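Chemist: Number 191 in our numbering belongs to position 39 of the sequence shown; there are no gaps in the numbering.
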Amino acid sequence: DCSKDDIFELTAEGLLSSISFTLQKMNSQDSSYCALEIDPEARDLSSARRSVQKAVLDGDGVVLIIFDEVDYITPGSPTVRHWGLDFNRFWRNLRSVYQECDRLGKPFSLLIGGVSTYWFTVDQINGIENAALAFVPEEFLSPMPSGATVAMLRRLGKVSGINFTDDAAELISLETGNMPFWARKCCSFIHRQVPISSRPLTINKDEISPRVEVFIENEGAPIAEVALNHLFRVHPEMRAASVKIYAGDASDVGERTKRTLRKYGVTN
């Protein structure tokens, strides 16, 4: 959890060393899960990288490292400034471990969660190639295909005793821009409106439509406002570009920026 003070205050060396320290402890105890433990004797960067690689290769199973609240260890961190330099140093060395493990056929996976994908999309940071780009295929940053959203909503609905018809799920996916976060928030809102005693039940498009409209008006718009404020804080050029497009000056905005704004539903 990168929002913890003792984690975001670490340097790139300290975080890599702590990952190695934690993996070594798990290997010795044959443990399947552990929250990050801070290494009291952080190594230099190259030693820390080699130590992480050895710990991954020495383990019997698949290694999965989960970074939650990753914004706290990016150049846009709201709490510390040193990740402006350490972000690239950290991901460049972790990328090296990842690539070597891939070459040797050793499973090693990363799951990265946070508020914004911005620092995993820029080409350069401080004039240096962004090492984190190697981990993020472009399609992962786009809205889900409509069919995938519909399948997700129908699957989650059934767990709660609500069977969305195809046209009902398609309406939700359309109105939420096929963004998983908004689609699931919408379904949580619907979930709260349907009495438990009436389930299981099937809901069609006509029944769902007024509930979706109420969600957008009462909850969807405020959520979108928070997200856009965050987007424009970490990605200020997007605000200026949005204003230009709104004013009819879209020709002054680069195609890549326009593509990003379209992906996230800011412009059409």
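Even for Gly, the Cβ is constructed at its ideal location relative to N, Cα and C.
Predicted model only: the values in this text are computed from it and were never measured.
What are the complete beta strand (DSSP E) segments, minimum 3 residues, inside the segment 341-394?
Modeler: 353-355
Chemist: In angstroms with no decimal places, state the Cα-to-Cα distance between Phe333 and Met296.
Modeler: Just so you know, the alpha carbons of Phe333 and Met296 end up roughly 11 Å apart.
Chemist: Taking just the CA atoms, how far does Thr163 sit from Asp238?
Modeler: Here the alpha carbon of Asp238 sits roughly 6 Å from the alpha carbon of Thr163.
Chemist: Specify, as a first and last residue, the run of the beta strand (DSSP E) that Ile314 falls within.
Modeler: Ile314 -> beta strand (DSSP E) spans Ile314 to Phe316.
Chemist: Return the first residue and the last residue of the alpha helix (DSSP H) that Val249 is part of.
Modeler: Trp235 to Arg255
Chemist: Would you mind working out which of Leu380, Glu252 and Val214 sits nearest Arg391, comparing C-alpha positions?
Modeler: Leu380
Chemist: Who are the near neighbours of Gly211 in its chain, counting only those whose CB is closer than 7 Å to its CB and skipping five residues on each side?
Modeler: Leu175 and Asn179
Chemist: What does DSSP give as the partner residues of Phe219 in its beta bridges?
Modeler: DSSP, once it has assigned bridges, lists Ile264 as partnering Phe219.
Chemist: I need the DSSP call for Glu281, collapsed to helix, strand or coil.
Modeler: strand
Chemist: Report the rounded CA-to-CA distance for Glu377 versus Pro347, giving the unit in angstroms.
Modeler: Answer to the nearest angstrom: the Cα atoms are 30 Å apart.
Chemist: Quick one: give me the first and last residue of the alpha helix (DSSP H) that Arg202 is part of.
Modeler: Leu197 to Asp210
Chemist: Do you know whose CA, among Pro388, His387, Cys338 and Ala284, lies nearest Asn370's CA?
Modeler: Cys338
Chemist: Are the C-beta of Lys310 and some C-beta of chain B separated by less than 8 Å?
Modeler: Annotation note: the requested chain B is absent from the structure, which comprises a single protein chain.
Chemist: Rounding to the nearest angstrom, what Cα-Cα distance links Asn315 and Asn330 in this structure?
Modeler: 19 Å
Chemist: Using the C-alpha atoms, what's the distance from Leu413 back to Leu167?
Modeler: 33 Å
Chemist: So the candidates are Val215, Leu246, Ala284 and Glu221; which of them puts its Cα closest to the Cα of Ser261?
Modeler: Val215
Chemist: Please work out which residues of its chain come closer than 7 Å, Cβ to Cβ, to Phe384, disregarding the five sequence neighbours upstream and downstream, and give them in chain order.
Modeler: Met390 and Arg391
Chemist: In this structure, what does DSSP give as the bridge partners for Gln276?
Modeler: Glu281
Chemist: First and last residue of the alpha helix (DSSP H) that includes Asp157?
Modeler: Asp157 to Phe160
Chemist: Who are the Cβ neighbours of Ile277 in its own chain at under 7 Å, not counting the five residues just before and after it?
Modeler: Pro227, Phe239 and Asn240
Chemist: Check whether the Cβ atoms of Ala207 and Ser172 lie closer than 8 Å to each other.
Modeler: yes
Chemist: What did DSSP end up calling Asp404 once you bin it into helix, strand or coil?
Modeler: Helix, per DSSP.
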